[in-house]
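This report refers to the structure that appears directly beneath it.
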Amino acid sequence: MNKFKLFFVIIALLIQNCRNISPCKPTEGLDFDSDSAYSYIAEQLSFGPRVPNTPAHDSCAIYLKNKLKSYKANVYFQKADVKKYDSTTMHIVNIIGEFYPEKQRRIVLYSHWDSRFYADGELDSANRNHPIPGANDGASGISILLEIARQITKKEPNVGVDIIFFDAEDQGQPLSENNFDEKSWSLGAQYWAMHPHKKNYQAFLGINIDLVGANHAMFCREDNSRYFDNFTVKRLWEFAKKLGYADYFYDNLTRPIINDHVFINEIAGIKSILIVDNRPGHFIPYFKEWHTSKDNLNVIDKNTLNAVGNVLMQYIYCLE
Ligand code: ZN
Numbered sequence: 009m010n011k012f013k014l015f016f017v018i019i020a021l022l023i024q025n026c027r028n029i030s031p032c033k034p035t036e037g038l039d040f041d042s043d044s045a046y047s048y049i050a051e052q053l054s055f056g057p058r059v060p061n062t063p064a065h066d067s068c069a070i071y072l073k074n075k076l077k078s079y080k081a082n083v084y085f086q087k088a089d090v091k092k093y094d095s096t097t098m099h100i101v102n103i104i105g106e107f108y109p110e111k112q113r114r115i116v117l118y119s120h121w122d123s124r125f126y127a128d129g130e131l132d133s134a135n136r137n138h139p140i141p142g143a144n145d146g147a148s149g150i151s152i153l154l155e156i157a158r159q160i161t162k163k164e165p166n167v168g169v170d171i172i173f174f175d176a177e178d179q180g181q182p183l184s185e186n187n188f189d190e191k192s193w194s195l196g197a198q199y200w201a202m203h204p205h206k207k208n209y210q211a212f213l214g215i216n217i218d219l220v221g222a223n224h225a226m227f228c229r230e231d232n233s234r235y236f237d238n239f240t241v242k243r244l245w246e247f248a249k250k251l252g253y254a255d256y257f258y259d260n261l262t263r264p265i266i267n268d269h270v271f272i273n274e275i276a277g278i279k280s281i282l283i284v285d286n287r288p289g290h291f292i293p294y295f296k297e298w299h300t301s302k303d304n305l306n307v308i309d310k311n312t313l314n315a316v317g318n319v320l321m322q323y324i325y326c327l328e
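The opening position of the sequence shown corresponds to residue 9 in the working numbering, with each subsequent residue numbered one higher.
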């Protein structure tokens with residue numbers, strides 16, 4: 009290697025190193041409101057379980073669309089028909105809110121808004137054959153994104169923001185069945201990844217949130233996120249601790265999880281991570297009411313909504 013080349017290699021390494029260690033600094037004047045987020049969970053639950061092909065599902069979709077519109081987003085209401093693993097056709101809708109459309113450099117925040125048709129988390133199999141309320145599993149992620157939508161119009165971030173509520177994340181094949189097919193999950197995200205709301209849509213980063221409202225939540229680093237974008241995982245978790253949320257964001261690395269982020273990475277090619285309540289060493293690795301009739305408002309803790317909402321909102325304003 010000649011001296012000239014060596015010089016450029018050193019500069020490249022320095023740039024790489026700077027990228028790896030540039031920590032986020034808190035932004036003044038951000039005002040995430042967990043009371044507001046909590047009320048959005050209650051409003052979603054008031055429709056009943058949001059299972060595709062039901063009136064509750066369709067009414068909640070209209071509610072979510074109108075909420076985003078009320079926060080001045082350009083809203084896309086992406087309807088599609090997809091096949092459930094048992095071959096029934098599901099009429100689904102992805103709801104997209106676009107903020108600051110003039111900005112080229114964009115981040116996409118997403119969560120699923122449907123709730124599971126089947127309570128496979130019930131210990132007694134006789135209690136499984138009904139849909140779940142989905143306060144934490146579904147409504148909590150949407151509630152945080154709605155509150156961010158409400159706040160983001162008040163203070164302009166450096167990057168453009170798209171918020172997507174994906175349908176049919178949670179209508180997949182039960183894990184206990186033979187020939188388990190992970191592609192039976194996240195059907196809304198898979199559809200959008202193949203048919204984005206805008207031609208040639210691009211975002212430099214995606215953040216997926218799910219199960220973000222339960223009492224005593226633990227947000228461990230998830231292995232698929234580490235694989236796809238460990239830089240963001242490290243940076244966001246470090247920032248969360250700096251913001252005072254070390255009791256929620258843990259450095260433990262837990263097993264890979266199939267959620268919308270996997271398909272957004274693999275099909276859409278948008279580097280994405282997942283923030284999920286994912287507890288190591290538990291028989292059920294999520295909160296204990298996961299996929300049961302008890303996933304209702306009683307499991308929700310405003311302190312958890314506050315932790316995730318603040319970290320996510322601060323992270324958006326740290327991006328350039
Ligand atoms: Zn679920």
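In this text, a Cβ means the ideal position worked out from N, Cα and C, and glycines have one as well.
Of the residues the options, the one placed nearest residue i, counting alpha carbons only
| i | options | result |
| --- | --- | --- |
| residue 36 | 165, 274, 229 | 165 |
| residue 136 | 143, 142, 128 | 128 |
| residue 309 | 159, 152, 94 | 152 |
| residue 94 | 85, 185, 123, 159 | 185 |
| residue 194 | 158, 131, 100, 252 | 100 |
| residue 118 | 288, 208, 280 | 280 |
| residue 226 | 294, 171, 282 | 294 |
| residue 326 | 300, 243, 299, 272 | 243 |
| residue 198 | 274, 157, 188 | 274 |
| residue 282 | 112, 80, 111, 270 | 270 |
| residue 108 | 81, 33, 311 | 81 |
| residue 228 | 236, 263, 206 | 263 |
| residue 52 | 71, 40, 38 | 71 |
| residue 218 | 148, 261, 181, 305 | 148 |
| residue 96 | 248, 116, 45, 192 | 192 |
| residue 232 | 286, 196, 247 | 286 |
| residue 259 | 142, 245, 220 | 245 |
Near the ligand ZN: residue i beta-carbon under 7 Å from a heavy atom
| i | result |
| --- | --- |
| residue 138 | no |
| residue 268 | no |
| residue 290 | no |
| residue 128 | no |
| residue 122 | no |
| residue 145 | yes |
| residue 299 | yes |
| residue 285 | no |
| residue 178 | yes |
Per-residue burial, residue i [other beta carbons within 10 Å of its own, 16 or more giving buried]
| i | result |
| --- | --- |
| residue 102 | buried |
| residue 290 | exposed |
| residue 25 | A caution first: residue 25 carries a pLDDT of 46, below 50, which makes its placement in the model too unreliable to give a value. |
| residue 175 | buried |
| residue 315 | buried |
| residue 202 | exposed |
| residue 312 | buried |
The beta strand (DSSP E) enclosing residue i, as first and last residue numbers
| i | result |
| --- | --- |
| residue 168 | 168-174 |
| residue 84 | 82-91 |
| residue 228 | 227-230 |
| residue 119 | 114-120 |
| residue 102 | 97-107 |
Range of the contiguous alpha helix (DSSP H) that encloses residue i
| i | result |
| --- | --- |
| residue 259 | Residue 259 -> not in any alpha helix (DSSP H); beta strand (DSSP E) instead, spanning 257-262. |
| residue 158 | 148-160 |
| residue 200 | 195-202 |
| residue 3 | In the structure as shown, the chain begins at 9 and stops at 328. Residue 3 is therefore absent and cannot be evaluated. |
| residue 273 | 268-274 |
| residue 49 | 42-53 |
Per DSSP, the bridge partner or partners of residue i
| i | result |
| --- | --- |
| residue 281 | 215 |
| residue 222 | 308 |
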